[in-house]
Amino acid sequence: MNPLRISRIGADSPVQTIATWSRRRFLYTLSAAGIGQFFHPRLIRADARPKPIFSDVTAEAGLTWRHFNGFSPDRYLIETMGGGVGLFDFDGDGWLDIVLLNGGETPHGKSERPLQNALYRNLGNGKFVDVAAEVGLNRVKNYGMGVAIADFDNDGHEDIFVTGFPNCTLYHNNGNGTLTDVTTDAGLQNAGRWATGAAWFDYDRDGFLDLVICNYAEFSFEGVAPKCEYLKVRTYCEQRAYNGLPLTLYHNNRDGTFTDVSRSSGLDRFVGRALGVVAIDIDNDGWTDLFVARDASANLLLLNKHDGTFVDAGLEAEVAFDSNGNAKAGMGADAGDINGDGRPDIAVTNFNFEFHSLFLNRGSFPFEDWTRASHLAGLTRSDVGWGAHFLDFDNDGLLDLMIVNGHVIEVIESLQSQVKYRERPLLLRNLGNAVFEDVSSKAGPAFSQDYLARGLAIGDWDNDGAPDAIFTCIGERPVLLRNNAGQQNSWVGLHLVGVKSNRDAIGAKLTLRVADRKLVRWVTGGSSYLSSHDKRVLFGLGKLPANHPVDLEILWPNGGMQVATNLEINRYHRIVEQVTK
Amino acid sequence: MPSVIALVFAAVLVMQNATAQNLPAQDHASLGISLAREGKLPEAEQELQEAVRVGPRVASFRAQLGSILGLQGKWKEALGSFQKAIDLAPENLDFRRETAAVQWQLGLTSSAEKNLQYVLARHPGDSGAILLLGLVKEKSGDYTGAAQLLDSQFELVISQPDRMVALFHSVVRSGQHDKVSKIVDVLKLRVNDKLWVNAVGRCTQIAAMGGDLDTAQELFALIPEDDSVRPAAGVQLARLLYRRGQVSQAKELLLQLKEHGVVSADLQTLLGNCFESEHQPGLAMQAYQRAIEMDPSRVDYYEDPVSLLLDLGKTNDAIVLVNHAFAIAPNDARPWLWKGNVDLRTHSYKDAIESYEHAGNLDGSNADAMLGVAAVYFVSGQSEAAIAEYKAGIVRFPKDARLYVACAAMLLASPDSGRLQADAENLLQKAVALAPQSAEAHYQLGQLALQQSRLKDAETELSLSVQSDAGRSKAHFALSVVYRRMGRLDDANRQFAIYRDLKRAEESGTTAAMTLAGKP
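What follows is the structure, given as structure tokens:
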């Protein structure tokens, strides 16, 4: 039982809310009541000191797990590509837990210790404990890449899909603190393929989540790896040395099994090196579409045709290639409304000198390449980007952008004077109208250090209304970040529960109206790189007074519209889908 | 000897301009003229030299001596003699005309023009002077003027092959395409005359170099298969076909020439270019190798194979060839440029800059070395340094379009390209003025227009780019984007299909270069 939980209000009403106070707000209140001195002085003293935007609390939280990538003289490309992370409430206690995927061994890259995944349970006090072994997740069954987390069977518990090589794994959350590998029964092996990003989404609006898998390249540990070198040093080959693969789409049969519909949906026609995927309704027709970032293959904008098939509009949208017809090295992707016009825009991370891309959705094709106008070009010129996610870190109502970076070629600094091997993450603040400024220098020590970063997950793991983050690093510990800035402004959080729609409400569109502002957010599937995020939706409200309620309009994935009015701010609201009889 | 000179010399030789007091000198002169008519030119020269010695102030003797010297190809002495004749009789129009003919022969075109303008000011209808002035202007590069003058003397021009070539050259270079067909018609009538076949061959080359494919093909078809002018004309025609993207036709023509026994290093090199365009690097290397073997002393023939080896990632083989080039041409800048390219490819940036700078020290007459240094800066990510190098190059080589294009491309590729568009456009317009056929300049202008949503302009520029070089995937891609925005989906799909095929071929070469060993 969560000691901070306050009792339900209006259990019979269509809108059931549970106010969950953050730990910090609780401490503030007690401190104001003069009883704060009974608490650990460090906690109180820490609140009084000025803080950077994000604090690196990895050690403090107890995250000691390290990623292992099987680094070897053979330089198998997979060694440099992994590192998925997920933020989700594994045990339903209202606190986000963390799953971290290990890579694996390679023929000449062995681990001294048995490899393990990690599942860090959030204790609610800023600390985490690894329960992977207890729950049945610790064993590394394949070379692990990413995670996609959602409640595929609508039983109220988040399940975990793990991508990797040569197979994928589906863990069913039994709701009792254990997981069961149901891959074979479910039919989701994706056998023989190097799978990378994945996204749960309900493409046919039957209320059950389906699964799209990005497959990267033809690959094997058998035989001789392609051999490439720079300055006589063996390095990882460029991606073009590997042939791409088609996407995989599994339809949820609603009985715990899935059917491979890659062919009938048309997704198997799209052969390329797919990495990042985000599921969102791009064209506002109420059906979830897909944007797929691909590495030296054309990006895909797969529009849902409502009949189980998809059509690629990447060329029409002008998001597939750069202006010279080159396919950039697309790795991570996210979608969100960054200019306040109510339409989802798209960010894609790429290689150094390619610039990470930003495409504005103007409601018709083509999208506008906003990479330079947003300043993203100049800010990301020298970076190799992976995980990327929009977040309103300061709760001012504008979506900002966090990107994690890291190169793949160890000798790059000898080849390019302005490019580094280990690179810094970026925190880009939206100044309005989708123009960004780099605030990394104020973002905290983690943003002035260099990493080989890969996965990035965003989520409010301390439930204070400010989005936090965690990112992974090749061969190293992850970095857990706590947001110190978001509490300076008002916010409101929504936890949607589907009834007719999929329980996680993936695909829902939320429109919040307050004063003269209209903010639009979505519950997306996938996004970033190999990672899975908090499915609650946070709206930053700026300096809105605490007693100023807000109204919310929800377009559920199955098409139903629901309105919630006078929502109290600075708290989370759990909203269950209203189903008319 | 050029036919026009013989014409005017003949006129001078009939002049009799002596006075009774010079009779002994006159005898020498008369005898000299007789001997000249008999073709005994050295003896004729001796007589006229004597006439001049005895009668040094008789202008006609000087002129006649000049004529005889000219008939023997002794142009400098002829010029001296004629100039003395003019000094003695400055109003003599024949002397002026003769002098101009010799000056034209010696390449002293402005002096020749002055003399001819003198004649025409006093005798505007002087057809010989008009004809000669046309030839002078052709030589000095005033093709518009030359074409007008020569065309006005068409009947004189068509009587001699050299004059015909001069007129054709002027017409092609000045873009007066409407005059081409009547010249071609004349050539067609005279093609059975051996003297004229050579002219046809030269005109074929001129048409090919001027980009007039139809005329070049028409003229080439007139040349007998066994004629000695056919190889050179054929290679030029093949070169034009290649540049127009008609690679298979170019290759076919070259192979035909080869089959007919034409042995030419230029042919082999161009054949290699064709194979390269068709992504047959093995056959291309064989052709390049044959070119080198045919003429091992020509360092020119090393450029293409070095470039191909670098594209294939075979840097060791490339450096071997470069070292051969050093051995045969140690003081030539080009092997240093190629070494710079190898250094760049192997990421030895410091060595690359040194190699390019060495090339620049050996030959500072062109921008190749500066382009190389800028490329090093670009590849190593030093964009500002690259732009600075290009700008310095533009100051030093203001007529080299490549610098303008490269600088503009760098500006447009930068993160701040939005505010640099005007500068880039300015540079590109200058590039196009210098090199109207520059595929890259038109491509960049097309991209600029596309970014500014000027779709019609974008279509025009990108079409020009494709016309100049149909083998670049990016131009077809950009054109497909334009057509798609215009709603012309069939055109868009067609261009995209061409882009896709070209891109695949481009990337297959790059992939081969990337890996040193095979895939698993």
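Chains as they are written, first to last, in our numbering: chain A, 29 to 609; chain B, 2 to 521. Ideal Cβ positions, reconstructed from N, Cα and C, are used throughout, including at glycine.
Please report the straight-line C-alpha distance between residue i and residue j, rounded to a whole angstrom.
i               : j               : result
P3 of chain B   : L136 of chain B : Residue placement at P3 of chain B is poorly supported in this model, since its pLDDT is 49, which falls under 50; the coordinates still yield a value, given next. About 11 Å.
D152 of chain B : S128 of chain B : 12 Å
N317 of chain B : L220 of chain B : 45 Å
R244 of chain B : G262 of chain B : 24 Å
E48 of chain B  : G33 of chain B  : 5 Å
P577 of chain A : R602 of chain A : 16 Å
V525 of chain A : E605 of chain A : 6 Å
T48 of chain A  : N491 of chain A : Below a pLDDT of 50, predicted positions are generally treated as unreliable, and T48 of chain A, at 36, falls in that range; no measurement from the model is reported.
T224 of chain A : R400 of chain A : 29 Å
Y303 of chain B : L338 of chain B : 12 Å
L463 of chain B : V433 of chain B : 13 Å
A450 of chain B : S415 of chain B : 17 Å
V240 of chain A : E382 of chain A : 27 Å
F83 of chain B  : A122 of chain B : 20 Å
Taking the alpha carbon of residue i as the point to measure from, which residue in the options has its own alpha carbon closest?
i               : options                           : result
R486 of chain B : A:I308, A:E344 and A:H334         : A:E344
F298 of chain A : A:L572, A:A348, A:E107 and A:G460 : A:A348
F475 of chain A : A:D492, A:V463, A:N461 and A:I498 : A:I498
R54 of chain B  : B:L134, B:Q430, B:E226 and B:P25  : B:P25
N130 of chain A : A:R167, A:G154, A:Y104 and A:F156 : A:R167
F156 of chain A : A:E186, A:N170 and A:F118         : A:F118
I534 of chain A : A:A223, A:A357, A:G111 and A:A176 : A:A176
L258 of chain B : B:D228, B:Y405 and B:A285         : B:D228
K138 of chain A : A:L216, A:S555 and A:E107         : A:E107
Q590 of chain A : A:S529, A:D179 and A:N598         : A:S529
D492 of chain B : B:E385, B:L480, B:L150 and B:F169 : B:L480
Please report whether the beta-carbon of residue i lies at a distance below 8 Å from any beta-carbon of chain B.
i               : result
P394 of chain A : yes
V412 of chain A : no
R599 of chain A : no
R409 of chain A : yes
A24 of chain A  : One cannot answer for residue 24 of chain A here, as it falls past the ends of chain A, which runs 29 to 609.
E107 of chain A : no
S385 of chain A : no
R400 of chain A : yes
E133 of chain A : no
S50 of chain A  : The pLDDT assigned to S50 of chain A is 42, lower than 50, so where the model puts this residue is not dependable, and the model offers no usable value.
W222 of chain A : no
A405 of chain A : yes
S468 of chain A : no
F381 of chain A : yes
So, is the C-beta of residue i closer than 8 Å to a C-beta in chain A?
i               : result
A479 of chain B : yes
V482 of chain B : yes
G71 of chain B  : no
Q206 of chain B : no
K315 of chain B : no
E508 of chain B : yes
K475 of chain B : yes
R505 of chain B : no
Does DSSP classify residue i as helix, strand or coil?
i               : result
N494 of chain B : helix
I81 of chain A  : coil
E78 of chain B  : helix
S182 of chain B : helix
K537 of chain A : strand
I177 of chain A : strand
C204 of chain B : helix
Note to self: Counting only Cβ-Cβ distances shorter than 8 Å, please list the residues of the segment 319-344 of chain A near chain B, keeping chain order.
What the structure shows: L343 and E344
Checklist line | Residues in the segment 431-460 of chain A having any Cβ partner in chain B nearer than 8 Å | finding: S442, L443, Q444, S445, Q446 and V447
Item checked: Residues of the segment 341-353 of chain B whose Cβ lies closer than 9 Å to any Cβ of chain A, in chain order -> T347, H348, S349 and Y350
Next item on the list: Check distances from the C-beta atoms of the segment 242-259 of chain A to those of chain B and list, in chain order, the residues that come in under 9 Å.
Entry: E246, F247, S248, F249, E250, G251, V252, A253, P254, K255, C256, E257, Y258 and L259
Check: What residues from the segment 369-388 of chain B come within 9 Å of chain A, judged by C-beta to C-beta, listed N to C?
Finding: V380, S381, G382, Q383 and S384
Note to self: Any C-beta of chain B within less than 7 Å: which residues of the segment 266-286 of chain A qualify?
What the structure shows: E266, R268 and A269
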